[in-house]
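J.: Chain order of the listed sequences is H and V. Here the UniProt record's numbering is used: the first residue of the first sequence is 1, the next is one more, and so on. Here the UniProt record's numbering is used: the first residue of the second sequence is 1, the next is one more, and so on. Below is one structure. I have some questions about it.
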Amino acid sequence: MNASIQDLELVSVTKRYGATVAVDAINHHFRPSSYTCLLGPSGCGKSSTLRMIAGHESVSDGAILLAGRDISHLAPAKRGTAMMFQNYALFPHLSVTDNVAFSLKMKGVDAATRRAQALEMLSLVDLTDLADRLPDQLSGGQQQRVALARALITRPQVLLLDEPLSALDPFLRIRMRGELRKLQKELGISFVHVTHGQDEALALADEIIVMNNAVIEQAGAARDVFNAPKTRFVAQFMGGHNVIALPEGQFAVRTDAVDITSIENGMLEAVVKAVEYQGTHVSLSARIAGDQEVTALLTDTAFFSNPHHPGDRIGLHWDANNLHQLTA
Amino acid sequence: MNKLRENSALTGWLMVSPLAFVLLFFLVLPIFLIVVVSFWRATEFSIIPAFEWDNYAFLFGSPVTYTVFFNTFKYAFVTWVCTLLIGFTVAYYLAFHIRSLTWQIALFLLCTIPFWTSNIIRMISWIPFLGRNGIANSTLISWGVIDEPVEWLLFSDFAVILAFVHLYTLFMVVPIFNTMMRIDKSLIEAARDAGANGAQILWNVIIPLTKPGIMIGTIFVVTLVMGDFITVRFMSGSQSANVGRLISNDIALLQYPSASATAIILLLTVLLVIGTMLRFVDIRKEL
Chain H
1 MNASIQDLEL VSVTKRYGAT VAVDAINHHF RPSSYTCLLG PSGCGKSSTL
51 RMIAGHESVS DGAILLAGRD ISHLAPAKRG TAMMFQNYAL FPHLSVTDNV
101 AFSLKMKGVD AATRRAQALE MLSLVDLTDL ADRLPDQLSG GQQQRVALAR
151 ALITRPQVLL LDEPLSALDP FLRIRMRGEL RKLQKELGIS FVHVTHGQDE
201 ALALADEIIV MNNAVIEQAG AARDVFNAPK TRFVAQFMGG HNVIALPEGQ
251 FAVRTDAVDI TSIENGMLEA VVKAVEYQGT HVSLSARIAG DQEVTALLTD
301 TAFFSNPHHP GDRIGLHWDA NNLHQLTA
Chain V
1 MNKLRENSAL TGWLMVSPLA FVLLFFLVLP IFLIVVVSFW RATEFSIIPA
51 FEWDNYAFLF GSPVTYTVFF NTFKYAFVTW VCTLLIGFTV AYYLAFHIRS
101 LTWQIALFLL CTIPFWTSNI IRMISWIPFL GRNGIANSTL ISWGVIDEPV
151 EWLLFSDFAV ILAFVHLYTL FMVVPIFNTM MRIDKSLIEA ARDAGANGAQ
201 ILWNVIIPLT KPGIMIGTIF VVTLVMGDFI TVRFMSGSQS ANVGRLISND
251 IALLQYPSAS ATAIILLLTV LLVIGTMLRF VDIRKEL
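See the structure below:
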């Protein structure tokens, strides 16, 4: 019973815009105090799902449960969720402190108390020095932290993040994702994070939900989703996989699980097409029967101890348990 | 020739000169002439170039001046309040309640249709409506709301302000609508996410962010009303006066120096009003 206190659950949640179905009866149970990433290409329904959980989009069908309570038709602020917007949506006319204290002001908390609480939140995101600045006097990373503080001051059970890192430059993105992860661990609440970057999802998430065409393609622990994709879409979207059609069906095999041997020892015969040096690794693409391309990611020592060139005939080999059958 | 072309200072001067020329000839020079004339001496039958303060002394010595300036401010203030309330409501409705851009544009254009006719015609068309035996009075009588015609509908301050509001509300709608359209819709979602209700969103988010538009509209309305003379004359039936009418009367009597002095004082007053308003709101972002 205790374990379900902060559980967020989607029960056949559907979103329709006229005749188009943006989210098609998805079911998912989010584990409490976990970091979950909703991952998928644009238009897959991940943002609509997040906005329905937040209450900024109505649910056409189904229910959203938080801590056993149906929240699907409550006002955003009554749900126990808080949202961090993609472009942060900071109020440009309010100082950092007033932005953070906004929800307290709406509740009618007096000025001294809300300032004290806002400063407490700002110290959590390490921004106390900039408390009196206006949002457009801050850098992107700082603005993001203000948005985070503003969302967290409502003491949500679930924090919803809509592509929070997409507006940052690559260097800052990597630093901020570390901070997000750390903050989630400290607060012990659930984070639901929408992204289209698989590297971001892998780096952050306890659990990844891959969406495509309004449905969940696969959900599970980050390592399981990456290592054992269930569908062709997941294998290709997560990257690092070869999708091969064999007589027994469609299979995914990780590029770094493919070994190069001589033709006699290999399971498949192949012709080297291209060799690309990538620093720590060498990426070798080869053509196998049926005009299919297979990429093998080899460590540079392994490759240069027995180098191959385009046109060479080689054998490909992998462990049987690295071969994952795809259902679609 | 090449040397000339390389002279970037010269190019710069040449580039600003057309605008500078236009402003100099059509703005600075006329105002300068008005200032000069305002110091001339006038008698019943002649105007003599001079430099004396008589015109100003007469202007500030006459109680009529103060009444008329007070009247001008009264018209400007009441019109401003009415146009602001109506203009803000219309702009708010267009910007936040109409969902599709096509409808927003269509309804916005609808607002401008009355402006396809001239100011004077729109103003005069109120006369048969508001008159003693006009449409308004006869309708009210036939409904039994009143027993005899209401006298203050036409040729009164009410009529003047009604005409001003009718003429100038669009000048309030346009800048406010423009500012509102630039408000990021996610700000409103963020406010709702923080638990704000409709009134709180309006007061804490929309109004503060719309202030520059309100200020631009205010400048339009205040300057137009303070400089107007024809509306006051027609709609008050020559029973009320504002500064514009004072000037136009002087001109009709060929008292150019006196008219110039009044004009200069009006100009300074308007500049002072706008200068004060601009201290409160930064409109640079809108320009």
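Every residue gets a Cβ at the ideal spot worked out from N, C-alpha and C, and that includes glycine.
(1) Establish whether the CB of S72(H) and some CB of chain V are separated by less than 8 Å.
(2) Between the stretch 220-236 of chain V and the stretch 122-140 of chain H, do at least 3 Cβ pairs fall closer than 8 Å?
(3) Specify the secondary structure class of E186(H) as computed by DSSP and reduced to three states.
(4) Which same chain residues end up closer than 6 Å to E217(H) when comparing Cβ atoms and leaving out the 5 residues on each side of it in sequence?
(5) Suppose you measure from the CA of T269(V) to the CA of R79(H); what does that come to, to the nearest Å?
(6) Just how far apart, CA to CA, sit Y168(V) and F115(V)?
(7) For N242(H), which beta-bridge partners are listed by DSSP?
(8) Suppose contacts are defined by Cβ-Cβ distances below 8 Å. Is Q292(H) in contact with A245(H) by that definition?
(9) At a CB-CB cut-off below 7 Å, which residues of chain V make contact with Y103(H)?
(10) To which residues of the same chain is L297(H) closer than 7 Å at the C-beta, ignoring the five residues directly before and after it?
(11) Would you mind stating whether D7(H) and A67(H) have Cβ atoms separated by less than 8 Å?
(12) Mind the definition here: the stretch 26-42 of chain H touches the stretch 193-206 of chain H only if three or more C-beta pairs lie below 8 Å; say whether that holds.
(13) Looking at the strands, I want to know which residues DSSP matches up with H324(H).
(14) Measuring straight from C-alpha to C-alpha, what distance separates P63(V) and A263(V)?
(15) Any chance the stretch 188-204 of chain V sits against the stretch 93-108 of chain H, with 3 or more Cβ pairs inside 8 Å?
(16) Distance check for S258(V) and I247(V), CA to CA, integer angstroms please.
(17) Hey, how far is the Cα of R155(H) from the Cα of Q137(H)?
(18) State yes or no: is the beta carbon of L8(H) nearer than 8 Å to at least one beta carbon in chain V?
(19) Which residues, in chain order, does the stretch 119-134 of chain H contribute to contact with chain V at a C-beta distance below 7 Å?
(20) Along the stretch 61-91 of chain H, where does the CB come closer than 7 Å to a CB of chain V? Name the residues.
(21) Which full runs of the beta strand (DSSP E) of 3+ residues lie inside the stretch 40-127 of chain H, going along the chain?
(22) Are the C-beta atoms of D282(V) and some chain H residue less than 8 Å apart?
(23) Distance, Cα to Cα, W40(V) vs M277(V)?
(24) Use the C-beta contact count for S8(V): other C-beta atoms within 10 angstroms, 16 or more gives buried, fewer gives exposed.
(25) When the cut-off is 8 Å and only beta carbons count, does Q104(V) lie next to chain H?
(26) Using the three-state DSSP reduction, which class does T261(H) fall into: helix, strand or coil?
(27) Can you look up G290(H) in the DSSP assignment and give me helix, strand or coil?
(28) Start and end of the alpha helix (DSSP H) containing T267(H)?
(29) Taking L267(V) as part of the alpha helix (DSSP H), name the residues at either end of that continuous run.
(30) Threshold first: 4 residues or longer. Then list the alpha helix (DSSP H) segments lying entirely within the stretch 22-106 of chain V, N to C.
(31) Decide if D129(H) is buried, meaning its Cβ has at least 16 other Cβ atoms within 10 Å, or exposed.
(32) Using only the alpha-carbon positions, how far apart do F304(H) and F237(H) sit?
T.: In short, the structure shows the following:
(1) One-based indexing of the first sequence puts residue 72(H) at position 72. No, its Cβ sits nowhere closer than 8 Å to a Cβ of chain V.
(2) no
(3) In the first sequence, the residue the question calls residue 186(H) occupies position 186. Note: E186(H) maps to helix in three-state DSSP.
(4) Reading the first sequence from its first residue, position 217 is the one you call residue 217(H). Excluding sequence neighbours, E217(H) sits near V210, T231, F233, V234.
(5) If you number the second sequence from 1, residue 269(V) lands on position 269. If you number the first sequence from 1, residue 79(H) lands on position 79. Approximately 55 Å between the Cα atoms of the pair.
(6) Residue numbering aside, residue 168(V) sits at position 168 when the second sequence is read from its first letter. Residue numbering aside, residue 115(V) sits at position 115 when the second sequence is read from its first letter. Each residue's alpha carbon lies about 10 Å from the other.
(7) Your numbering for residue 242(H) matches position 242 in the first sequence. N242(H) pairs with V253(H).
(8) For the purposes of this step, residue 292(H) is taken as residue 292 along the first sequence, with counting starting at 1. For the purposes of this step, residue 245(H) is taken as residue 245 along the first sequence, with counting starting at 1. Going by C-beta atoms, Q292(H) is nearer than 8 Å to A245(H).
(9) Here the question's residue 103(H) lines up with position 103 in the first sequence. The residue you asked about is not Tyr; residue 103(H) is Ser in the sequence shown. The contacting residues are A194, G195.
(10) The sequence position of residue 297(H) within the first sequence is 297, counting from 1. If we look at L297(H) and ignore the five residues flanking it on each side, its Cβ neighbours are T255, D256, H281, S283.
(11) Position 7 of the first sequence, counted from the first residue, corresponds to residue 7(H). Position 67 of the first sequence, counted from the first residue, corresponds to residue 67(H). With respect to A67(H), D7(H) sits close: the two C-beta atoms are nearer than 8 Å.
(12) yes
(13) Along the first sequence, one-based indexing puts residue 324(H) at 324. DSSP, once it has assigned bridges, lists A252(H) as partnering H324(H).
(14) By one-based count along the second sequence, residue 63(V) stands at place 63. By one-based count along the second sequence, residue 263(V) stands at place 263. Those two C-alpha atoms are separated by around 17 Å.
(15) yes
(16) Position 247 of the second sequence, counting from 1, holds the residue named residue 247(V). Position 258 of the second sequence, counting from 1, holds the residue named residue 258(V). Going by the C-alpha atoms only, they are around 8 Å apart.
(17) Residue numbering aside, residue 155(H) sits at position 155 when the first sequence is read from its first letter. Residue numbering aside, residue 137(H) sits at position 137 when the first sequence is read from its first letter. Distance between the alpha carbons of R155(H) and Q137(H): 27 Å.
(18) For this step, residue 8(H) is matched to residue 8 along the first sequence. No, its Cβ sits nowhere closer than 8 Å to a Cβ of chain V.
(19) none
(20) Cβ contacts with chain V: P76, A77, A82, M83, F85, N87, A89, F91.
(21) 61-66, 81-84
(22) Numbered from 1 along the second sequence, position 282 holds the residue referred to as residue 282(V). No, because no Cβ of chain H sits closer than 8 Å to the Cβ of D282(V).
(23) Walking along the second sequence from the start, residue 40(V) turns up at place 40. Walking along the second sequence from the start, residue 277(V) turns up at place 277. Taking the straight line from one Cα to the other gives about 33 Å.
(24) Along the second sequence, read from residue 1 onward, the residue named residue 8(V) stands at position 8. Result: exposed.
(25) As a first step, residue 104(V) is located in the second sequence; it is residue number 104 there, counting from the start. No, no contact with chain H.
(26) Locating residue 261(H) in the first sequence gives position 261, counting from the first residue. Strand, per DSSP.
(27) As a first step, residue 290(H) must be located in the first sequence, where it is residue number 290. Correct three-state label for G290(H): coil.
(28) Counted from its first residue, the first sequence places residue 267(H) at position 267. Looking at the sequence itself, residue 267(H) is Met, so the reference to Thr does not match. Careful: M267(H) lies outside any alpha helix (DSSP H) and carries neither H nor E.
(29) Walking along the second sequence from the start, residue 267(V) turns up at place 267. From DSSP, the alpha helix (DSSP H) with L267(V) extends over 256-280.
(30) 29-38, 54-61, 63-92
(31) Along the first sequence, read from residue 1 onward, the residue named residue 129(H) stands at position 129. That one is exposed.
(32) Looking up residue 304(H) in the first sequence gives position 304. Looking up residue 237(H) in the first sequence gives position 237. Cα to Cα, F304(H) sits roughly 30 Å from F237(H).
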